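For reference, the structure discussed in these notes is given below.
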Amino acid sequence: MLDLTYDTPKVKTIAGAKHDWELVIGIEVHAQVSSNAKLFSGASTQFGAEPNSNVAFVDAAMPGMLPVINEYCIEQAVRTGLGLKADINLKSAFDRKNYFYPDLPQGYQISQLYHPIVGEGEVLVEMGDGTARLVRIERIHMEQDAGKSIHDMDPNMSFVDLNRTGVCLMEIVSRPDIRGPEEAAAYIAKIRQIMRYLGTCDGNMQNGNLRADVNVSICLPGAYEKYQETQDFDYLGTRCEIKNMNSMRFIQQAIEVEARRQIAIVEGGGTVDQETRLYDPDKGETRSMRSKEEAHDYRYFPDPDLLPLEIEQAWVDDIAAGLPELPDEKKARFIADFGLTDYDASVLTAEVESAAYFEEVAQGRNGKLAANWVINELFGRLKKEDHEITDSPVSPTQLGGIIDLIASDAISGKIAKDLFEIVYTTGGDPAEIVDARGMKQVTDTGAIEAALDEIIAANPAQVEKAKVNPKLAGWFVGQVMKATGGKANPKAVNQLVAQKLGG
Amino acid sequence: MSELNTLGLGEARDLLRKGEATSVELTEACLKAIEDAGALNAFVHKTPELAMERAAAADTRLKAGDAPAMCGLPVGIKDLFCTKGVESQAASAILDGFKPEYESTVSQQLADAGAVMLGKLNMDEFAMGSSNETSTYGNVVNPWRRGNDDAPLTPGGSSGGSASAVAADLCLAATGTDTGGSIRQPAAFTGITGIKPTYGRCSRWGIIAFASSLDQAGPMTKSVRDAAIMLEAMCGHDPKDSTSADLAVPNFEAMLTGDIKGKKIGIPKEYRMEGMPGEIEQLWADGAAMLKDAGAEIVDISLPHTKYALPAYYVIAPAEASSNLARYDGVRYGQRASLAQGDGITEMYEKTRAEGFGPEVQRRVMIGTYVLSAGFYDAYYNRARRVRTLIKKDFEDVFAQGVDAILTPATPSAAFGLGEMTDADPVQMYLNDVFTVTVNLAGLPGISVPAGVDKQGLPLGLQLIGRPWEEGDLLNTAYALESAAGFVAKAGKWW
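Structure below.
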């Protein structure tokens, strides 16, 4: 397997009125665990159900109801931890985070403050330009999601939907190792990619199944390096946390806007308050969520309804043994086995389904040719209609068939594109279509020669010109292709034209 | 034959099986006793129709020879237990009219064992209190009185309704719950038996939570044998409660041999409190002597961290309660305050909780919120948890020295008068739990057995504390003590 090494990406700097400033970013990703049932109840997690239809007694915090942990959710958290090369804590525990809100029926969220299930890990974030940053993961803990408050359905009332209440989330906390808006987006994309490979989170940001809280601070050049040496946060600026974002675009905008806000404060002689902020994409600004007097004291304490969670190393080992090939390994293998470029390998491994599709096509074929066809033709065509790879009307067998026809010189690359379009829209076996429609390219030099001779005879003036200017040979090639309905083997035509005109 | 409602579980069971009485007769006798006992204010929600239905069904099973352990035996259920379709309010206004759609595991197991529920029993609000005076239904009255004095006495708390109902023969037995002494103290005040089993023995599922790491259900009965019968039906592993122990339940009744020869009984010196009434001291000494006569070895032991138990308890229990009671917010069920124009969600919470919770519950919610708050957490909550660990270790050490059970008084006094503590510092009331809270903090089984009466004729109880999961052995020691003490006094019927 190839060992991929990368340069470190350039740190994003923003020019202030007085200095250039660097950004320091840490991200908390909230990922909804893919599971059928909630973290502490048997209620369904299905999205889009009738309001308050996926609610067990414990989700509604009925008196005397008790949480019982869903073992599958633990397995998913462990799997995610292993995927992020993180330490798995065999003993973890659940704490209560206490606050009042109507969509939080218990009056507390069950979370893991003191003893998370997953400890330190790391993730390689490639920037697509040959650079990559290694971002450290501080921890992953499991927690319950809250429900949904609806304030705009009635002028006098608010409504609460508890379907989401108690759904298992993983909070993946990074170290402040991310140095710019693009890196932040690439980091979240990488986490999302790994979880999708693992099947632990579907990564659907639109449905809110993947959200991020982004911590942003600014510092002068050189300060971050001192932090890295000492791990002393005093070298860094005061951070603000931008809450609850579920769009890659807004995340990048918000980081930039927030950094500029902080720069203006600091350069104006002020100090940044550590606080929680919200990004308003319409106004293009972040604003404070609550003032200091309203700051919550969550009164965390160990949840007495749940015993400490103890898991066995053997179980973790079993899960590790069952892990799928992860993006980094798959990409390295694609480069090594199929001779792909770093870029093509990245594109093809972005989604596990695309990678599987490509592998099926590339099996026993020219990897580079397969990659070109999958990326340029298939992905391009799918994107046009906003289709996913899983909805592709062209199967890997069909695309492989097209590539085989090219490889055997049965059709030209140009004809292959027409053939692809036919297969895409009407289906069918590519070889049969080629036969039935007479698309096979003419490699019979006799037939090509006859056509060429006819053209030469009909165009003596052109022949004379071409003899002086060899560039005009292309005109004859074009005429032959036209005469043969594009089916003539271009290589053979070129050779013959050169022979006849040059001779 | 004495009136059927005065029977204990064991005696009634035997009568039913011999066909000498029916469950319907037994249940009718209890329902009549309940109707006549309004003055005690023990039953707050009565379910006579349901009871008669279950009694008839029990009689059918008895006739068919298919009778489970408690078939046809009428019992009362503390209001803290959720009972399907029947008001379950934890004696709080905030759960006014709340009828759950589910049945607590313990009350379901009792029903499965054939027991007949007569209704719901009064208690302190959310089980917070030692005198039953914090109930939204008004206080329970103890059937016992001092000599010829008519002054109403407390039955203790929080399971005061259960204690009073059993002592007054309104039911054959009742469920209680015990977070810091709420089974054992009222049992002692009313001359009955009450056992709090090891934490994790009885499922907490469906029992309205007060302090989750301390709460345990247990039976309140007329004898140790009855406690053994009923505990066996109540306990067992429940996958719906993560803190429930996956252990087999022994046949407790079969373990009541009365033979305690060679058992080592510890007398902890730290329980000898300053200002303890002479009568209590005498009772304790008498109890030790009785156990010695029965063949046990009496040893002096030390539980050095005992004096820190009460303060630690009054940090941990309110801390958990402040969080457990956050769900009573007026949003989904129970009481919601009427709101003024312009009131928002904060006002809804504040008004609902101010109206719905009584003063003692509010006090504990505030204490709990305070001890968990940033800046105080280590000084209070974490320190209390460390004390708890030390108290647990105290017990482990003496058990490791071969001690089988520990004998202490159950309460520092006999039942006191209702209203007597109204103006006292709340801490005075909390002192009632001084002998019992250690057992909850350590998660151990403890049983209160009536062992004598004071000068005014009021019952006094002794407490035996056992090794974890050895309720059978503990019940047997209690059985020996019960037999030796020969407590037969009953409250004179005045109601």
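These protein sequences, in sequence, are chains A and B. Position 264 of the first sequence, counted from 1, bears residue number 264 in full-length UniProt numbering, the numbering being contiguous throughout. Position 91 of the second sequence, counted from 1, bears residue number 91 in full-length UniProt numbering, the numbering being contiguous throughout. A virtual CB, placed ideally from N, CA and C, is assigned to each residue, including glycine. Bear in mind the structure is a predicted one, so any value in this text is a computation, not a measurement.
In its own chain, which residues sit with a C-beta less than 7 angstroms from the C-beta of residue i, not counting the 5 before and 5 after it?
i       : result
T8(A)   : T131 and R133
A93(A)  : Q112, Y114, H115, P302, P308 and L309
P48(B)  : L31
Y333(B) : F98
Taking 6 angstroms as the cut-off, does the CB of residue i come closer than this to any heavy atom belonging to the ligand COA?
i       : result
V493(A) : Only the bare structure without any ligand can be found here, which leaves the ligand COA out of the picture.
Within the continuous beta strand (DSSP E) that includes residue i, where are the two ends?
i       : result
D36(B)  : First-last for D36(B): S23 to D36, but that is the alpha helix (DSSP H), not the beta strand (DSSP E).
I110(A) : Y108 to S111
M117(B) : V116 to L121
P74(B)  : P74 to K78
S392(A) : First-last for S392(A): undefined, no H or E at that position.
G121(A) : G121 to E126
F159(A) : F159 to D161
K279(A) : Reading the sequence as shown, one finds Tyr at residue 279(A) and not Lys. Start and end: T276 to D280.
S288(A) : E285 to S288
D337(A) : Looking at the DSSP string, D337(A) is not in any beta strand (DSSP E); the run it does join, the alpha helix (DSSP H), is P327 to F338.
Let me know if residue i comes out buried or exposed under the rule of 16 or more other beta-carbons within 10 Å of its beta-carbon.
i              : result
N251(B)        : exposed
E432(A)        : exposed
K222(B)        : buried
N156(A)        : exposed
H151(A)        : exposed
M366(B)        : exposed
A400(B)        : exposed
Y343(A)        : exposed
E353(A)        : exposed
residue 569(B) : Outside the displayed span of chain B (1 to 495) sits residue 569(B), for which this structure offers no information.
M153(A)        : exposed
R287(A)        : exposed
N148(B)        : exposed
Ignore the nearest five residues each way along the sequence and tell me which others in residue i's own chain have a CB closer than 8 angstroms to its CB.
i       : result
I74(A)  : I117, M142, L309 and I311
D232(A) : K226
Just how far apart, CA to CA, sit residue i and residue j?
i       : j       : result
V316(A) : G128(A) : 33 angstroms
G107(A) : Y349(B) : 11 angstroms
L236(A) : G222(A) : 10 angstroms
L4(B)   : P268(B) : 41 angstroms
G330(B) : N324(B) : 15 angstroms
K292(B) : I298(B) : 6 angstroms
A473(A) : T445(A) : 17 angstroms
L340(A) : N382(B) : 58 angstroms
G268(A) : R192(A) : 39 angstroms
L2(A)   : E126(A) : Bear in mind that a pLDDT of 47 at L2(A), under 50, signals an unreliable position, so the number given afterwards is only what the model happens to contain. Looking at the two C-alpha atoms, the distance is approximately 16 angstroms.
R96(A)  : D145(A) : 13 angstroms
F435(B) : S302(B) : 14 angstroms
P459(B) : F100(A) : 46 angstroms
A186(A) : I251(A) : 11 angstroms
S412(A) : D404(A) : 11 angstroms
E270(B) : E25(B)  : 49 angstroms
R17(B)  : D394(B) : 46 angstroms
E274(B) : V488(B) : 30 angstroms
Which first and last residues belong to the alpha helix (DSSP H) in which residue i is found?
i       : result
E279(B) : G278 to D293
L441(B) : V437 to A442
Could you pull out every residue in the same chain whose Cβ sits closer than 6 angstroms to the Cβ of residue i, ignoring the five residues on either side in sequence?
i       : result
F210(B) : F126, A127, T179 and A321
G208(A) : N246
Applying a beta-carbon distance threshold of less than 9 angstroms, which residues of chain D neighbour residue i?
i       : result
P105(A) : Any reference to chain D falls outside this structure, whose protein chains are A and B.
| task | Quick one: which residues of the segment 48-63 of chain A get their C-beta closer than 7 angstroms to a C-beta of chain B? List them in chain order. | result | Taking a C-beta cut-off of 7 angstroms against chain B, the contacting residues of the segment 48-63 of chain A are F57, A60, A61, M62 and P63, listed in chain order.
| message | So if I threshold CB-CB distances at 8 angstroms, which residues from the segment 199-223 of chain B count as touching chain A? | response | Cβ proximity to chain A below 8 angstroms picks out R204, W205, G206, I207, I208, A209, A211, S212 and S213 from the segment 199-223 of chain B.
| What residues in the segment 353-382 of chain B bring their beta carbon closer than 7 angstroms to a beta carbon of chain A? | Only T369, L372, S373, A374 and Y381 from the segment 353-382 of chain B bring a Cβ to less than 7 angstroms from some Cβ of chain A.
| Interface residues of the segment 384-416 of chain B facing chain A [CB-CB below 7 angstroms] | Listed by position, the residues of the segment 384-416 of chain B near chain A (Cβ gap below 7 angstroms) amount to none.
| Relative to chain A, which residues along the segment 86-105 of chain B have a C-beta separation below 8 angstroms, given in chain order? | For the segment 86-105 of chain B, which is checked against every Cβ of chain A, the residues closer than 8 angstroms are S88, A90, L95, F98, P100, E101, Y102 and S104.
| request: Return the residues of the segment 305-316 of chain A that lie within a Cβ-Cβ distance of less than 8 angstroms from chain B, sorted by chain order. | output: Within the segment 305-316 of chain A, the qualifying residues are D305, L306 and L307.
| query | the segment 305-331 of chain B: which residues have C-beta closer than 7 angstroms to a C-beta of chain A, in chain order? | reply | Considering only beta carbons, the part of the segment 305-331 of chain B lying closer than 7 angstroms to chain A consists of A319, E320, S323, A326, R327, D329 and V331, in chain order.
| task | Would you list, in chain order, the members of the segment 61-95 of chain A that have their beta-carbon closer than 9 angstroms to a beta-carbon of chain B? | result | If the cut-off is 9 angstroms between Cβ atoms, the segment 61-95 of chain A has A61, M62, P63, G64, M65, L66, P67, V68 and I69 near chain B.
| In chain order, what residues of the segment 237-260 of chain B put their CB closer than 8 angstroms to some CB of chain A? | Of all residues in the segment 237-260 of chain B, P239, K240, D241, S242 and T243 have a Cβ within less than 8 angstroms of some Cβ in chain A.
| the segment 30-49 of chain A: positions lying closer than 8 angstroms to chain B by Cβ | Answer in chain order: no residues at all.
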